[in-house]
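If you count the sequence shown from 1, position 60 lands on 60 in UniProt numbering, and the numbers rise without skipping.
For each residue, glycine too, the CB sits at the ideal point set by N, CA and C.
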Amino acid sequence: MPKLTVENVGEFEVESGKRLVLALTEDAQVDQLHACGGASRCTTCRVEFIEGEPEKMTVAEKNTLAAREVTGCRLSCQILCDHDMTVRAISRLEGSGRADAGHMPKPEIEPQPVEWVDK
Numbered sequence: 001m002p003k004l005t006v007e008n009v010g011e012f013e014v015e016s017g018k019r020l021v022l023a024l025t026e027d028a029q030v031d032q033l034h035a036c037g038g039a040s041r042c043t044t045c046r047v048e049f050i051e052g053e054p055e056k057m058t059v060a061e062k063n064t065l066a067a068r069e070v071t072g073c074r075l076s077c078q079i080l081c082d083h084d085m086t087v088r089a090i091s092r093l094e095g096s097g098r099a100d101a102g103h104m105p106k107p108e109i110e111p112q113p114v115e116w117v118d119k
């Protein structure tokens, strides 16, 4: 099982292949935002990687980050926990002014990745 370390929160063993956004909310109990429900549309699920950043990303993630001109972070809704990683949760409900974190993301990545590209 991969180990997910969340800065200032702790270390957690997570099911291999679980979406990072779900590992953060369910396993680490982080109040991670996911306003669009994990469909790579809003960028509210941003995380910064300290270690173990995946070398590949979905086309949807790459396009969303480029369209929003977001750099230096990744979308947790588009990442699978398939190896050990350490992240900083930078997009949280607390202090956001939002009423809730968003619709709960489905277990599988949306939109379904047809292709993975270099980051």
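Span separating the alpha-carbon of residue i from that of residue j
i: residue 164; j: residue 33; result: Here the chain has residues from 1 to 119 only, and residue 164 is not among them.
i: residue 10; j: residue 66; result: 31 angstroms
i: residue 114; j: residue 97; result: 35 angstroms
i: residue 1; j: residue 95; result: 32 angstroms
i: residue 78; j: residue 99; result: 23 angstroms
i: residue 47; j: residue 76; result: 6 angstroms
i: residue 92; j: residue 55; result: 24 angstroms
i: residue 39; j: residue 19; result: 12 angstroms
i: residue 87; j: residue 21; result: 11 angstroms
i: residue 73; j: residue 112; result: 21 angstroms
i: residue 106; j: residue 37; result: 8 angstroms
i: residue 42; j: residue 102; result: 11 angstroms
i: residue 59; j: residue 117; result: 6 angstroms
i: residue 70; j: residue 89; result: 15 angstroms
Beta strand (DSSP E) segment containing residue i, residue limits
i: residue 64; result: Not the beta strand (DSSP E): residue 64 falls in the alpha helix (DSSP H), residues 59-67.
Reduced DSSP category for residue i - H, G, I as helix; E, B as strand; rest coil
i: residue 117; result: strand
Pick out the complete beta strand (DSSP E) segments inside the UniProt domain "2Fe-2S ferredoxin-type" (2-93), 3 residues or longer, and give them in chain order. 3-6, 10-13, 46-51, 56-58 and 85-89
Below 8 angstroms, can you find three or more Cβ-Cβ pairs linking the region 15-31 to the region 55-73? no
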